[in-house]
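Everything on this sheet refers to the single structure shown next.
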Amino acid sequence: MAEHVDEWSAQGRKNLFGDTVSVQEMQSEGGAAGAVHGSLQAGALTTTFTASQGLLLMIPNMYKIAGELLPTVFHVSARTLATHSLCIFGDHSDVMACRQTGFAMLCEGSVQEVMDLSAVAHLTALESRVPFINFFDGFRTSHEYQKIEVMDQEDIRPLVPMDKVSEFRNRALTPEHPVARGMAENPETFFAHREVCNPYYDAVPGIVEKYMKAVSEITGRKYKLFSYYGADDAERVIICMGSVTEAAREAIDYLVGKGEKVGMVSVHLYRPFSVKHLLEAVPATCKRIAVLDRTKEPGANGEPLYLDVKDAFYDQENRPLIVGGRYGLGSCDTTPTMVISVFDNLALPMPKDHFTLGITDDVTFTSLPLEKEMALGGEGIYEAKFYGLGADGTVGANKNSVKIIGDNTDKYCQAYFSYDSKKSGGFTCSHLRFGNSPIRSTYQIKTPNFVACHVQAYLHMYDVLRGLRDGGTFLLNTIWEGEELAGNLPNNVKRYFAEHNITVYYINATKIAQEIGLGNRTNTILQSAFFRITEVIPVDLAVEQMKKFIVKSYGKKGEDVVNKNYQAVDRGGEYKQLVVDPAWANLPEDEKVVRYEPAYITDLVRPINAQNGDLLPVSAFKVSEDGTWLQGTAAYEKRGVAAFVPVWNSENCIQCNKCSYVCPHAAIRPFVMDDEEVKGIKGNTLEMKAPAALKGMHFRQQVNVLDCLGCGNCADVCPGMRGNKALEMVPLEGQLEQQDNWDYSVKNVKSKQHLVDIKLNPKNSQFATPLFEFSGACSGCGETPYVKLVSQLFGDRQMIANATGCSSIYSGSIPSTPYCTNEKGQGPAWANSLFEDFCEFGMGMVLANKKMRARIEALLGEVMACEEAPAEYKEAAQAWIEGKDDAEASRAAALKLEPFIKEGAAKGCATCQQLEELSHFLTKRSQWIIGGDGASYDIGYGGLDHVLASGEDVNILVLDTEVYSNTGGQASKATPIAAIAQFAAAGKRVTKKDLGLMQATYGYVYVAQVAMGADQAQCLKAIREAEAYHGPSLIIAYAPCINHGLKIKGGMGKSQEEERRAVECGYWHLWRYNPELADQGQNPFTLDSKEPQWDKFQEYLDGEVRFLSLKKALGEEASTELYAATKAAAQKRYRSYVRKTQEDWSL
1291 MAEHVDEWSA QGRKNLFGDT VSVQEMQSEG GAAGAVHGSL QAGALTTTFT ASQGLLLMIP
1351 NMYKIAGELL PTVFHVSART LATHSLCIFG DHSDVMACRQ TGFAMLCEGS VQEVMDLSAV
1411 AHLTALESRV PFINFFDGFR TSHEYQKIEV MDQEDIRPLV PMDKVSEFRN RALTPEHPVA
1471 RGMAENPETF FAHREVCNPY YDAVPGIVEK YMKAVSEITG RKYKLFSYYG ADDAERVIIC
1531 MGSVTEAARE AIDYLVGKGE KVGMVSVHLY RPFSVKHLLE AVPATCKRIA VLDRTKEPGA
1591 NGEPLYLDVK DAFYDQENRP LIVGGRYGLG SCDTTPTMVI SVFDNLALPM PKDHFTLGIT
1651 DDVTFTSLPL EKEMALGGEG IYEAKFYGLG ADGTVGANKN SVKIIGDNTD KYCQAYFSYD
1711 SKKSGGFTCS HLRFGNSPIR STYQIKTPNF VACHVQAYLH MYDVLRGLRD GGTFLLNTIW
1771 EGEELAGNLP NNVKRYFAEH NITVYYINAT KIAQEIGLGN RTNTILQSAF FRITEVIPVD
1831 LAVEQMKKFI VKSYGKKGED VVNKNYQAVD RGGEYKQLVV DPAWANLPED EKVVRYEPAY
1891 ITDLVRPINA QNGDLLPVSA FKVSEDGTWL QGTAAYEKRG VAAFVPVWNS ENCIQCNKCS
1951 YVCPHAAIRP FVMDDEEVKG IKGNTLEMKA PAALKGMHFR QQVNVLDCLG CGNCADVCPG
2011 MRGNKALEMV PLEGQLEQQD NWDYSVKNVK SKQHLVDIKL NPKNSQFATP LFEFSGACSG
2071 CGETPYVKLV SQLFGDRQMI ANATGCSSIY SGSIPSTPYC TNEKGQGPAW ANSLFEDFCE
2131 FGMGMVLANK KMRARIEALL GEVMACEEAP AEYKEAAQAW IEGKDDAEAS RAAALKLEPF
2191 IKEGAAKGCA TCQQLEELSH FLTKRSQWII GGDGASYDIG YGGLDHVLAS GEDVNILVLD
2251 TEVYSNTGGQ ASKATPIAAI AQFAAAGKRV TKKDLGLMQA TYGYVYVAQV AMGADQAQCL
2311 KAIREAEAYH GPSLIIAYAP CINHGLKIKG GMGKSQEEER RAVECGYWHL WRYNPELADQ
2371 GQNPFTLDSK EPQWDKFQEY LDGEVRFLSL KKALGEEAST ELYAATKAAA QKRYRSYVRK
2431 TQEDWSL
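By the count of this note's numbering, the sequence shown reaches residue 2437 at its end, each step adding exactly one.
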């Protein structure tokens, strides 16, 4: 929402008052609320937009704003709060946490209602002086594309109470008429003073009702505080709010059509809660009520709306029986069929109270029965589903498809998009509906007319045909044709085609995209095929409009990209029809793969990975009541979604391991084998030349083709031999046999890392097993190579506190955990708290570790004082005490101590028993705190600064993408001048914050700035020194991101090259600040990068869309000025580093 306002502001769009809205990004939602508060006190009409944890950060200011009767509206797309796990999806947990702030609360259930009633919130706030939360369901409503009728500003203008606007402005703080606000107050007056605001709240329902009537007159759509829908003589009534009201209407239409007496009251004004208006809305014939809440309050005697409704009817004669239930937590889908089950429950002699909807609760048995889904979406609705890969353009193309149909026909349209938690390369499913009447289906499509599968691997991974109607249409993007295609289709797919009379089409959009030069962007080709196959609108019109939208979508990327997409539209007709053999209806079940794996994987991880998590019962999660998840589950995915993977040509390999070093997903590794181990390998190996300890062994770079995402960075950095690379990218299908080699190597080849110094150089580091593998990060991600490297060097004793953001999502999204264990079962222990407290969270881990180890030291002191303790035991105890702060010394001492501790504990020694409990603290832990630039430069900077200033032995890794990557590319303080980002639609205007130099001023903080692609050795050295330093350390790692829009051929497959170019031209600099050198009288600052080639600076900027698009936004002259400012800032920063190298520390 805020991003749209920022764009409108950049375009000069005017509001009702003829002004361009000023948009200001703050460092956090707490900061935004504070700014809103200050702006209101200064007399400016101000609003903000937020959700979930961000809303919670605003609560302290909300109390102040409401207490001071400042009229504002907070627009909230209501979303889940992090509890046992983080969930970004929709429910009412966040807004329900704000009930007692004093904000009024207005709720909408559809996109159209948001359009109509948001104005009511603003108008009422102005007239009543009571601030509002205007909320609607996150994702289900906020992310839905819907054809609606828009109210014009001229319709709203007469409704604005200008006298109240003037009163508000006249109350503003001003030195011309000074007053004091926000004072302290004592017990004798506070209570009475607090009650004086009551009349303002008492007036709100009437004012809302007035403006609802006014909006109803303008739009023809009737709105009330509590709106009733259903039979006039309804006996069973549901009371609910939000998007479920639309699904409930479909269920009610179906039941009333069968003669059942049912209805629904949809709540719009939730606070202040008007009992009078609620009672008026419920039919007098009502005998039973079910209240639906989209939140959970553990320990309460019911959820909020349920308790409010029960209280409203408490003193009423002949009050109905009232039950309540929970639904839709975390965007759990709620369909009309589920709503029908609520009415069925009300019809029982003893209706279930405190029920749950849409799940199977076999633990506390709260759930209502799940019935077979029915298609109740209305006559003439055409439903289509599109399965795609994140960043393949499928979602964007479908957004355009809906706009094309909606703008060029009288049809009503709706689009909704579901995703998994992976970044680009993850699972996406687009849900599109078209019809001749308004579409009210606020749930995912269950019974589509058309299904398109844009990734052929999905046929083996997901049930993409589930619900496809008889006589429906299926389109597959595949490299296979004709008989080959039929031979490769799973039996269950072919059987479905035959049994349900499905018309099947196929197209090799992957090949076409490669021929055109679009890489893996198959979206436009497949969009064109969809329009041609379905003919939902005339094909000529579709082609014309698609080309118009191509200009709108890709115009900023240049004429070449536009023309390539034009070709894609034209070639979308190259699909063919597959003849479905009726005999396929009798095909047997596909042979099931026998897997020897833990039940945890079979029963929990695999169903979730197959998009069948909604079918799991509550009992499936009894192994994870507190959200704890086993490490290493990402290794079981084997998605096989890369179009191209590297093949190793041994004759060109120099055994440098650079490919493994830079791989974002740890999908290529050097395996070193002895004579016995090599016997199981099918393919070439090389004799190891170095290091000496490995000489004579067998070397092979092995690719894990099913977990590779095909970015190509490995092939790009490969130096090769005699001008020929050892790695080249080839189609996946020709390399599938390599998976056997990978599986064999992982299972049978033992790690040789103990034979070499893995911290010595980049080559040696890659003989260490990565304890971070196959994450859900984007193909070519610039962040994960750093995370993987740290896990190789220190993972066996690593603790990680991770900020919320990209790094937390790809590091731990159920059911996938990329952090894993070594042969001894050791590995990184990982946890995520919040976005804003990641450093404090890590600090807490450090303090707990220090306390426990201090306790060990005290207990070992008792051992040393004990006359009965063996001398060897005492020697080991002394060795531990002396070396406890050294990783290797403490580990060696621990190995000697543990047998004595276990023996003493078994004999009943109380001291030894306590030591046994604490034995996992014996080896010195490597504490890492990981976050992005948004967390480190902005929302969590205060914590970062405090933790570094504390002097504690922590290591903070900042993955600097120069933008809020996870939330869609908003500007942070790391964003440089001229870069276009969200909230910087006209380019950033201020200099990037030099976080590293700021922290170096403490003098006792180790700081390094690295870019792996520019200098692999410097990166390794900095990480090694930072971890070895007995004090706080900060590593700022440059990480190219998909949000940058790399124009270089290969895109994110050149992310390492982009890092090299950034350093070469002076955009980024490599340096280290080591306080230990200062203690030796040496200059602690080392500038590791060379004198920049400043003449290449503009070329670098022109290679990224985030900079290049500035010309489109501002024109040549204005953009040139900002580009010059970007370069000047980089030069100034570089000169400051040079000056630091010239300081004399010998005095």
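All C-beta atoms, glycine included, are put in the ideal place defined by N, C-alpha and C.
Selected residue, minimal CA-CA separation from residue i, among the options
i     : options                       : result
L1906 : V1629, G1648 and Y2227        : G1648
Q2372 : K2402, S2379, C2309 and L2437 : L2437
I2186 : D2175, G2198 and T2213        : Before going further, note that residue 2186 is Lys rather than Ile in the sequence given. K2186 has its Cα closest to that of T2213, out of D2175, G2198 and T2213.
T1654 : C1576, F1911 and G1761        : F1911
A1747 : H1382, A2290, E1927 and A1372 : E1927
V1565 : Y1604, L1545 and K1551        : Y1604
Y2357 : V1404, E2206 and A2268        : A2268
N1899 : P2105, A1411 and K1662        : P2105
L2137 : G2241, P2060, S2103 and M2154 : G2241
S1312 : G1324, R1885, T1337 and I1792 : T1337
N2014 : V1995, N1939 and E1966        : N1939
E1864 : D2434, R1526, P1477 and I1823 : I1823
Inter-residue Cα distance where the pair is residue i and residue j
i     : j     : result
L1463 : A2119 : 52 Å
Y2034 : D1997 : 15 Å
F2473 : N1947 : The shown model of the chain, from 1291 to 2437, leaves out residue 2473, and the question about it has no answer.
V2295 : I1797 : 58 Å
Y1491 : S1456 : 21 Å
D1643 : A2144 : 52 Å
A1409 : N2122 : 38 Å
D2006 : F1934 : 14 Å
A2183 : A2177 : 10 Å
Y2424 : C1949 : 30 Å
V1883 : R1929 : 15 Å
V1741 : Q1835 : 22 Å
C1441 : S1691 : With the sequence shown as reference, residue 1441 is identified as Met, and Cys is not the correct amino acid for it. Taking the straight line joining both Cα atoms gives about 24 Å.
E1297 : L2022 : 41 Å
A2438 : D1384 : Shown here, the chain extends from 1291 to 2437; a query on residue 2438 therefore has no answer.
V1534 : F1480 : 41 Å
A2167 : D1427 : 59 Å
Y1844 : E2406 : 19 Å
T1373 : S1914 : 13 Å
Identity of the residues DSSP links to residue i by a beta bridge
i     : result
P1936 : M2019
A2264 : The partner list for A2264 (beta bridge, DSSP) is empty, contrary to what the question assumes.
E1398 : F1426
Any C-beta of chain B under 8 Å from that of residue i
i     : result
S2255 : Given the protein chain composition of this structure (a single chain), no chain B is represented.
>> Report the start-end ranges of each beta strand (DSSP E) in the region 1969-2031 that is 3 residues or longer and not cut off at the edges.
In response: Listed in chain order, they are 1988-1993 and 2017-2021.
>> Ignoring anything shorter than 3 residues, give me the beta strand (DSSP E) runs that lie fully in the region 1606-1688, in order along the chain.
In response: Counting only runs of 3+ residues, the beta strand (DSSP E) found wholly inside the region 1606-1688 occupies 1611-1616 and 1672-1679, in chain order.
> Are the region 2038-2050 and the region 1917-1934 touching, with three or more C-beta to C-beta distances below 8 Å?
Replying inline: No contact exists between the region 2038-2050 and the region 1917-1934.
> Do the region 1548-1556 and the region 1494-1513 meet, that is, are 3 or more Cβ pairs less than 8 Å apart?
Replying inline: Because the criterion of three Cβ pairs below 8 Å is not met, the region 1548-1556 and the region 1494-1513 do not touch.
>> Quick check for students: name the residue ranges of the alpha helix (DSSP H) that lie wholly in the region 2093-2170, counting only runs of 4 or more.
In response: Listed in chain order, the complete alpha helix (DSSP H) runs (minimum 4 residues) inside the region 2093-2170 are 2096-2101 and 2128-2155.
> Per the contact definition of three or more C-beta pairs closer than 8 Å, is the region 1953-1971 in contact with the region 2347-2355?
Replying inline: Not touching, per the Cβ criterion.
>> Using a Cβ distance threshold of 8 Å, determine whether the region 2261-2277 contacts the region 2397-2404, with at least three qualifying pairs required.
In response: Counting Cβ pairs under 8 Å, three or more are found: they touch.
> Just checking, does the region 1613-1631 make contact with the region 1432-1445 on the three C-beta pairs under 8 Å criterion?
Replying inline: As far as the Cβ criterion goes, the region 1613-1631 does not touch the region 1432-1445, which means the pair count is below three.
> At what residue ranges does the region 2208-2246 contain a whole run of the beta strand (DSSP E), taking only runs of 3 or more?
Replying inline: Whole beta strand (DSSP E) segments, 3+ residues: 2216-2222.
> Does the region 2063-2070 come close enough to the region 1709-1717 to have 3 or more Cβ pairs within less than 8 Å?
Replying inline: Put simply, the region 2063-2070 touches the region 1709-1717. At least three CB pairs are less than 8 Å apart.
>> Extract the residue ranges of the alpha helix (DSSP H) inside the region 1883-1962, only unbroken runs of 4 or more that lie entirely within it.
In response: Whole alpha helix (DSSP H) segments, 4+ residues: 1896-1899 and 1948-1952.
>> For a minimum of 4 consecutive residues, which ranges assigned as the alpha helix (DSSP H) are wholly contained in the region 1762-1786?
In response: Taking only runs of at least 4 residues, the alpha helix (DSSP H) segments lying wholly in the region 1762-1786 are 1772-1778.
> Between the region 1378-1396 and the region 1336-1350, do at least 3 Cβ pairs fall closer than 8 Å?
Replying inline: These segments touch.
>> So, does the region 1511-1525 touch the region 1582-1602, judging by three or more C-beta pairs under 8 Å?
In response: Two segments are said to touch when three or more pairs of C-beta atoms, one from each, lie closer than 8 Å; by this definition the region 1511-1525 does not touch the region 1582-1602.
>> Check whether the region 1722-1734 and the region 1865-1874 touch, using three or more Cβ-Cβ pairs below 8 Å as the test.
In response: Between the region 1722-1734 and the region 1865-1874, the count of Cβ pairs shorter than 8 Å is below three; the stretches do not touch.
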